[in-house]
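**Student:** Note that the UniProt record's numbering gives residue 350 to position 350 of the sequence shown, counting from 1, and the numbers run on in steps of one.
The C-beta atom is built at its ideal place from N, Cα and C for all residues, glycine as well.
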Amino acid sequence: MEIKGFFTLLGKHKYTLVIIPLVAIIITYFLVRNQPDTFSSQAEIATGIVDQTQQSLNTETPQEAHINQQFNNLIAITRSKKMLDQVSYQLMIHDLGSKTPYRTPSKLMASLNESAKKHAIEVYTGLYKKRQELSLFDPDQQGLYKLMGSMHYDDQALLKTLTVYRADNSDFIQVQMDADNPELAASIVNILCKEVIDYFNFMLKDNQLKAVNFLGSLAKAKQDTLNKRMDALKQYKIQNGVFNLNEQARALYGQISDFETKLDQAKKDAIAYQGAINDIDKQFDPNDRKYMESAMVKVNQNIVNSTAQLQTLNQKYVQSGFNPQYKGQIDSLRRVISGMVNNSSDKYITNPLSTKQNLITQKLTMQIQQQLAENSIGSIQKQLGALNDRLHTLVPHEAVVQGDESAITVASQEYLDVLQKYNQTSLESNFTVRLKQVSNAMPGMAAPSKKMLLVILSGIISFVFCIAVFFVLFLLDSSLKSPRDLANKTKVPVIGYLNLLQSATIDLNKVWTDRDKNADVRLFRNLLQSIRFEVEGELQNDKVLLINSITNGEGKTYLAMNLAYAFAAINKNVLLIDGNFTNSGITALVKPKVYLEDYLKSDATAATLQSSASNIAILGNKGGDISVLETAPHDVVTAKIEELKQAFDIIIVEASALDTLNKSKEWTLFSDRILTVFEAGQSFKEPQQLNLEYLQTFGHKFIGWVMNMVTTDELIDTTKAK
Numbered sequence: 001m002e003i004k005g006f007f008t009l010l011g012k013h014k015y016t017l018v019i020i021p022l023v024a025i026i027i028t029y030f031l032v033r034n035q036p037d038t039f040s041s042q043a044e045i046a047t048g049i050v051d052q053t054q055q056s057l058n059t060e061t062p063q064e065a066h067i068n069q070q071f072n073n074l075i076a077i078t079r080s081k082k083m084l085d086q087v088s089y090q091l092m093i094h095d096l097g098s099k100t101p102y103r104t105p106s107k108l109m110a111s112l113n114e115s116a117k118k119h120a121i122e123v124y125t126g127l128y129k130k131r132q133e134l135s136l137f138d139p140d141q142q143g144l145y146k147l148m149g150s151m152h153y154d155d156q157a158l159l160k161t162l163t164v165y166r167a168d169n170s171d172f173i174q175v176q177m178d179a180d181n182p183e184l185a186a187s188i189v190n191i192l193c194k195e196v197i198d199y200f201n202f203m204l205k206d207n208q209l210k211a212v213n214f215l216g217s218l219a220k221a222k223q224d225t226l227n228k229r230m231d232a233l234k235q236y237k238i239q240n241g242v243f244n245l246n247e248q249a250r251a252l253y254g255q256i257s258d259f260e261t262k263l264d265q266a267k268k269d270a271i272a273y274q275g276a277i278n279d280i281d282k283q284f285d286p287n288d289r290k291y292m293e294s295a296m297v298k299v300n301q302n303i304v305n306s307t308a309q310l311q312t313l314n315q316k317y318v319q320s321g322f323n324p325q326y327k328g329q330i331d332s333l334r335r336v337i338s339g340m341v342n343n344s345s346d347k348y349i350t351n352p353l354s355t356k357q358n359l360i361t362q363k364l365t366m367q368i369q370q371q372l373a374e375n376s377i378g379s380i381q382k383q384l385g386a387l388n389d390r391l392h393t394l395v396p397h398e399a400v401v402q403g404d405e406s407a408i409t410v411a412s413q414e415y416l417d418v419l420q421k422y423n424q425t426s427l428e429s430n431f432t433v434r435l436k437q438v439s440n441a442m443p444g445m446a447a448p449s450k451k452m453l454l455v456i457l458s459g460i461i462s463f464v465f466c467i468a469v470f471f472v473l474f475l476l477d478s479s480l481k482s483p484r485d486l487a488n489k490t491k492v493p494v495i496g497y498l499n500l501l502q503s504a505t506i507d508l509n510k511v512w513t514d515r516d517k518n519a520d521v522r523l524f525r526n527l528l529q530s531i532r533f534e535v536e537g538e539l540q541n542d543k544v545l546l547i548n549s550i551t552n553g554e555g556k557t558y559l560a561m562n563l564a565y566a567f568a569a570i571n572k573n574v575l576l577i578d579g580n581f582t583n584s585g586i587t588a589l590v591k592p593k594v595y596l597e598d599y600l601k602s603d604a605t606a607a608t609l610q611s612s613a614s615n616i617a618i619l620g621n622k623g624g625d626i627s628v629l630e631t632a633p634h635d636v637v638t639a640k641i642e643e644l645k646q647a648f649d650i651i652i653v654e655a656s657a658l659d660t661l662n663k664s665k666e667w668t669l670f671s672d673r674i675l676t677v678f679e680a681g682q683s684f685k686e687p688q689q690l691n692l693e694y695l696q697t698f699g700h701k702f703i704g705w706v707m708n709m710v711t712t713d714e715l716i717d718t719t720k721a722k
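#1: The beta strand (DSSP E) spanning G537 covers which residue range?
#2: By a C-beta neighbour count over all protein chains shown, 10 Å radius and 16 as the cutoff for buried, is Q381 buried or exposed?
#3: Please state whether the Cβ-Cβ distance between Q208 and T425 is less than 9 Å.
#4: Specify the secondary structure class of A386 as computed by DSSP and reduced to three states.
#5: Find the nearest neighbour of Q319 within the set V341, I303, A386, judged by alpha-carbon distance.
#6: Assuming L561 is part of the beta strand (DSSP E), what are its boundary residues?
#7: Does the segment 610 to 625 come within contact of the segment 581 to 596, defined as at least 3 CB pairs closer than 8 Å?
#8: Can you tell me where the beta strand (DSSP E) with residue 725 in it begins and where it stops?
#9: What three-state label does DSSP hand R578 in the structure shown?
#10: Enumerated in chain order, which unbroken segments of the beta strand (DSSP E) with a length of 3 residues or greater are wholly contained in the segment 612 to 639?
#11: If you count every other CB in all the chains shown that lies within 10 Å of the CB of F648, and 16 or more means buried, which is it?
#12: Rounded to whole angstroms, what is the Cα-Cα separation between K421 and M442?
#13: Within the same chain, show all residues whose beta-carbon is closer than 7 Å to that of L454, passing over the 5 residues directly before and after it, in chain order.
#14: Can you grab the Cα-Cα spacing for the pair L661 / L690, in whole Å?
#15: Tell me F200's beta-bridge partners as DSSP assigns them.
#16: Straight-line CA distance for S332 to M230?
#17: With a CB to CB cut of under 7 Å and the five nearest residues on each side skipped, what residues in its chain are close to K572?
#18: Quick check on the DSSP output: the beta strand (DSSP E) that includes Q176 runs from which residue to which?
#19: Is the segment 676 to 683 touching the segment 700 to 712, taking contact as three or more C-beta pairs under 8 Å?
#20: What three-state label does DSSP hand M109 in the structure shown?
#21: By DSSP, does Y317 sit in helix, in strand, or in coil?
#22: Figure out for me which residue from K234, T312, S656 has the closest Cα to the Cα of E405.
#23: Am I right that I703 and E554 are in contact with their C-beta atoms under 8 Å? What's the rounded C-beta distance?
#24: State buried or exposed for E642, treating a residue as buried only when at least 16 other CB atoms are found within 10 Å of its CB.
#25: Please identify the residue among Q176, Q63, D417 whose C-alpha is closest to the C-alpha of K220.
#26: Assess, as a yes-or-no matter, whether the segment 541 to 557 is touched by the segment 576 to 592 under the definition of 3 or more beta carbon pairs within less than 8 Å.
#27: Could you tell me how far apart the beta carbons of A276 and M366 are, in whole angstroms, since I believe they sit closer than 8 Å?
#28: Take M109 and list the residues in its own chain whose beta-carbon comes closer than 7 Å to its own, dropping the five residues that flank it on each side.
#29: According to the neighbour-count rule (16 or more other Cβ atoms, all chains shown, within 10 Å of its Cβ), is V23 buried or exposed?
#30: Is the beta carbon of L480 sitting closer than 9 Å to the one on S627?
#31: Can you tell me whether N72 is buried or exposed? The criterion is at least 16 other CB atoms within 10 Å of its CB, across all chains shown.
#32: Helix, strand or coil: which one does DSSP assign to I256?
#33: Whole-angstrom Cβ separation of V175 and M83, contact assumed at under 8 Å?
#34: Just confirm the distance between the C-beta atoms of F39 and A157, as a whole number of angstroms; I'd bet it's less than 8 Å.
#35: Answer with buried or exposed for N68, where buried requires no fewer than 16 other C-beta atoms within 10 angstroms of its C-beta.
#36: Looking at the structure shown, is F678 part of a helix, part of a strand, or coil, going by DSSP?
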């Protein structure tokens, strides 16, 4: 239904939907009929970004996102104001100094004298060489900017018809320009391509040169740092006599290990010889020992002296680091001592204990060996102490040398990294891919005219705009136009509706007597018959029908009088009471002889109201700011109404609108059913909702709505829906 309602709204404004697009088409035609033809020219720029034939050094395949970013940067540079200003300067220089300018001079340019033109050319040329923009803060340059704008050579004018894009994921950028002059279009494209290529290659070379210089100076600084650290390490080794710490430490560790081994062996020998001597001493008697010592004093003295010499040689042998020269002397002296011991045994065998002579000889020999071992322990310990002292002196040097060597390693790695980047950057700068214009722009043929397309588009756009406006109005329109809308909004049944008649007046008698009326009247009569049937079904054995509305002027009087005639047409005795004291429409129209106030206050009977001429009796009122209960007490009104029920088949009471408060609501006390009139085309807002809630409190007594003044379109839609 919402869609149908929208199409219904469009149908009502069908002429608007035709006239507005037609006017737009006519206006567009007159605007574009003198529009000059458009000439298009284009050129191609090879970037080398994805062309593998130009990637001689870079073997890595770039990512698609990186490629797109590079192309977007190039396109942005091409469309930038800096590049377009360069084009604008050259176009202005050409038109100011040439007899055949690209465009007809504007009024502002035509007004310039030769001096002004010369000055403009000088300024444009200077700005072009310096790649600078016109300063709008300078009055002179601001005027030159306006001059450029009058010729439509400024950057904004050029951008309107300039197209720059990447051609189908290729390596090429297409530059296309549309202009009213074929030579102008080609010149703009060629100048722009040249400026972009020169600027890009210059910036690329400049950046590469800066990178090479920076990396070169950085490599030189890293090399100087490395040399300084190496020289510092060399001087330290010279000053401290450090040749090769690792080899020296290794030699010292070897010597210490050897001396520790000999020390352990000497300690073992001393202990072993001492134990053997003690065992021999236990085998001798003191007397034998005394005799032996007295007999061998001289021999023993010689042996002791020789043993002392042997001890001295042994110390020198250890202190010299086991020099082989001392080794021969020690061996020779040992042989002499051994001979002296043997000689003493052969010469003085006079003791009866000569069987123990061998033990004595062994003891003497072991004493000599034990003394030699004990003397060796001291000498070896001194040498170990000296070696450890020499090793400890190497530790500080080792720490300093290791620190310097670590610093040299780091500096060397930094230097090599920077040197590698420097070499790579230098090499790439010599093989860098530069932009190239692979095809020059040429003056082209006139492009197909867009005049007819613009005319057609103007009609389509204006038509769509009208549709959009009507759609917005349709969405914002909350009015209830059809009985279905009213029923859906209020959730209260609509027992009938009346169509909007084309004529301003209607003869109620002829509605029911003349069957040849037009279609509107016939439909009106049929709708009244339908309402009459619904009301009669709701009343059943009741007789008093109250007709009211929420606001004034919704058609209560109209419905009440037509419904009275409708019941009279089926031979019902009808009493029509004008209970609307605020707006006595029935009384003013019919001018009855009996008024409600008189009837309630007098002893008149219902018979005085009945008419022999028709089945309709009318009871008017005198009007005024009163209500029915102010006219007569409640019991009197009730009694009179009961009397009227006996005399008439149906009593129709028109009350004032509910917004008159008690003037309307008092009639609900004396009615059997309530029927409310609602005029189509109104919005159902909060005041109406409050009155609806009041009517719903009556329950089945409130029989529903009658919608008045339904338009023909809504009426047809409602009929189809049924």
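**Tutor:** Short version:
#1: That residue, G537, is in no beta strand (DSSP E); its alpha helix (DSSP H) goes 519 to 539.
#2: Under this definition Q381 is an exposed residue.
#3: A contact, by the Cβ cut-off of 9 Å.
#4: Of the three classes helix, strand and coil, the one that applies to A386 here is helix, per DSSP.
#5: Answer by Cα proximity: A386.
#6: In the sequence as displayed, the identity of residue 561 is Met instead of Leu. From DSSP, M561 is part of no beta strand (DSSP E) but of the alpha helix (DSSP H) over 556 to 568.
#7: Because the criterion of three Cβ pairs below 8 Å is met, the segment 610 to 625 and the segment 581 to 596 touch.
#8: Any property of residue 725 remains undetermined from this structure, which presents the chain solely from 1 to 722.
#9: In the sequence on display, residue 578 carries Asp and not Arg. Residue state for D578 is assigned as strand, using DSSP reduced to three classes.
#10: You should have 616 to 619.
#11: With 16 or more Cβ atoms within 10 Å of its Cβ, F648 is classed as buried.
#12: Each residue's Cα considered, the two are about 44 Å apart.
#13: Closer than 7 Å at the Cβ level, and outside the excluded window around L454, lie T28, V32.
#14: Taking the Cα positions, L661 is about 12 Å away from L690.
#15: Beta-bridge partners assigned by DSSP to F200: none are found.
#16: Roughly 55 Å between the two C-alpha positions.
#17: For K572, where only same-chain residues beyond five positions count, the Cβ hits under 7 Å are N615, D649, I650.
#18: Where Q176 is concerned, the enclosing beta strand (DSSP E) stretches over 172 to 179.
#19: Because the criterion of three Cβ pairs below 8 Å is met, the segment 676 to 683 and the segment 700 to 712 touch.
#20: Note: M109 maps to helix in three-state DSSP.
#21: For Y317, the secondary structure class from DSSP, reduced to helix, strand or coil, is helix.
#22: If we check each option's Cα against that of E405, K234 comes out closest.
#23: At roughly 17 Å, the Cβ-Cβ gap does not stay under 8 Å, so I703 and E554 are not in contact.
#24: With fewer than 16 other Cβ atoms within 10 Å, it is exposed.
#25: Nearest of Q176, Q63, D417 to K220, Cα basis: D417.
#26: Because the criterion of three Cβ pairs below 8 Å is met, the segment 576 to 592 and the segment 541 to 557 touch.
#27: That belief holds up - the Cβ atoms of A276 and M366 are roughly 5 Å apart, short of 8 Å.
#28: Apart from the 5 residues on each side of it in sequence, M109 sits with its Cβ closer than 7 Å to the Cβ of L147, S150, M151 in its chain, given in chain order.
#29: Per the 10 Å Cβ criterion, exposed.
#30: Contact: no.
#31: When all chains shown are included, N72 counts as exposed.
#32: In the structure shown, I256 sits in a helix (DSSP, three-state: H, G or I).
#33: V175 to M83, Cβ: 11 Å. No contact.
#34: Going by Cβ atoms, the distance from F39 to A157 rounds to 16 Å, so no, they are not a contact pair.
#35: By the 10 Å Cβ count, N68 comes out exposed.
#36: If DSSP states are grouped into helix, strand and coil, F678 belongs with the strands.
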